[in-house]
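Written out below as structure tokens is the structure these notes cover.
2 protein chains.
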Amino acid sequence: MTGQFTISMHILTLLAKAAEGEWVSSDLIAGSININPVLVRKEIGNLRRNGLVVSREGKNGGSRLAKPANQVRVSDIFLATRQGPFLGTSRNKPNPNCPVGKEINRHLEALYQEAEEALVQKLGDSTLADFSRRFD
Amino acid sequence: MTGQFTISMHILTLLAKAAEGEWVSSDLIAGSININPVLVRKEIGNLRRNGLVVSREGKNGGSRLAKPANQVRVSDIFLATRQGPFLGTSRNKPNPNCPVGKEINRHLEALYQEAEEALVQKLGDSTLADFSRRFD
DNA sequence: CATAACTGTAACAATTTTTATTACATTTTT
DNA sequence: AAAAATGTAATAAAAATTGTTACAGTTATG
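Chain order of the listed sequences is A and B. Quick note, in this note's numbering, the first sequence goes up one by one and the last residue is 136. Quick note, in this note's numbering, the second sequence goes up one by one and the last residue is 272.
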């Protein structure tokens with residue numbers, strides 16, 4: 001999951017730093033992150049579906065923030081990039097005949113959820129504007 | 137990272153539930169988790185190096201908790217199983233000629249660390265004893 | 001003291017996930 | 001019409017994770 005979040009933060013920081021009204025191309029972004037432009041477009045697609053960016057096709061096209069950077073919390077970005085529970089990707093199938101095995105996934109999920117809530121809350125303390133200000 | 141933590145929680149819960157003085161074999165544990173005993177032994181090796189369990193070789197050998205379950209915080213287990221920063225596994229090499237690319241890893245690491253601290257603190261609220269009590 | 005039941009660990013294999021690439025249809029500006 | 005973008009599917013490559021085999025070492029016990 002971290003990879004996607006990392007890329008999304010990078011993309012959004014670039015967009016936050018772009019001039020008002022500028023459409024930033026996936027090629028330019030890919031050059032900064034140093035990854036393939038297709039991955040950037042895929043990730044932008046996800047951000048777009050989550051209402052964080054808008055894009056324009058065609059010549060001089062590109063993407064920009066859908067709303068001001070101070071109205072985007074870092075937790076919004078986290079939640080947009082995580083797919084399914086990010087802790088607890090246990091695809092273990094414990095033994096249902098064991099009293100512990102039978103119930104552990106349920107209990108772990110509860111634990112993961114609590115932990116993740118704490119993490120999300122922390123990420124909600126700062127906005128994309130705060131983050132991009134670190135680069136000044 | 138989650139896989140290791142999940143397995144370790146499972147192992148330690150079984151040990152916490154074992155009778156006082158009992159040595160639990162990796163085969164029994166593997167049967168409950170439904171994974172290969174070698175993986176269990178590897179994971180136990182890590183827990184042992186982190187002072188959470190002790191093991192005994194030879195016939196009737198196995199492992200047990202190194203200290204009472206109420207003296208083990210869940211965060212101790214998390215910290216024992218995470219190797220390197222668990223958030224921020226970005227092996228991206230952003231473009232150093234870009235003002236954002238040049239600094240983003242540094243800033244993201246700071247962010248990840250803060251977030252992880254919040255998560256660890258949350259996990260420190262409960263002990264292995266608390267967790268294993270959920271199975272009663 | 002021989003055997004059985006364990007642990008510890010290395011080497012290797014298989015699987016799954018992540019990341020990258022290619023290709024091309026579509027959109028928009030000029 | 002040409003150029004410069006996005007969007008997306010299909011596929012390939014690389015990396016990470018998980019599983020397996022093999023075997024040396026240890027300990028209890030008949």
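Positions of the beta carbon are idealized from the N, C-alpha and C atoms, including for glycine. Only a predicted model underlies this, so the values are computations on that prediction, with no experimental measurement involved.
- In the three-state reduction of the DSSP assignment, Ser55(A) falls in the strand class, which pools E and B.
- A Cβ-Cβ contact shorter than 9 Å links Arg209(B) with Thr263(B).
- Less than 9 Å separates the beta-carbon of Leu15(A) from that of Val53(A).
- Nearest Cα to Ala154(B) within the set Glu117(A), Tyr112(A), His107(A), Pro99(A): Pro99(A).
- When the alpha-carbon of Arg177(B) is set against those of Lys195(B), Ser199(B), Ser168(B), the nearest one is in Ser199(B).
- Residue-level contact by beta carbon holds for Pro94(A) and chain B, with a gap shorter than 9 Å.
- Note that the C-beta distance between Asn95(A) and Ser162(B) is not below 9 Å.
- With fewer than 16 neighbouring CB atoms inside 10 Å of its own CB, Ala246(B) falls in the exposed class.
- For Arg64(A), none of the residues of chain B pass the 7 Å Cβ criterion, the least Cβ distance being about 15 Å.
- Not one beta carbon of chain A lies nearer than 9 Å to the beta carbon of Ser191(B).
- Taking 8 Å as the upper bound for CB-CB distance, Ser144(B) and Ile213(B) are in contact here, some 6 Å apart.
- Counting every other CB atom within 10 Å of its CB across the protein chains shown gives Val120(A) a total of 16 or more, marking it as buried.
- When 7 Å is used as the limit between beta carbons, Ser32(A) is near these residues of chain B: Pro230, Asn231, Cys234, Val236, Gly237, in chain order.
- Interface annotation, Leu183(B): not in contact with chain A, CB-CB separation never under 9 Å.
- Residues of chain A with a Cβ closer than 7 Å to the Cβ of Thr263(B) do not exist; the shortest Cβ-Cβ separation is about 12 Å.
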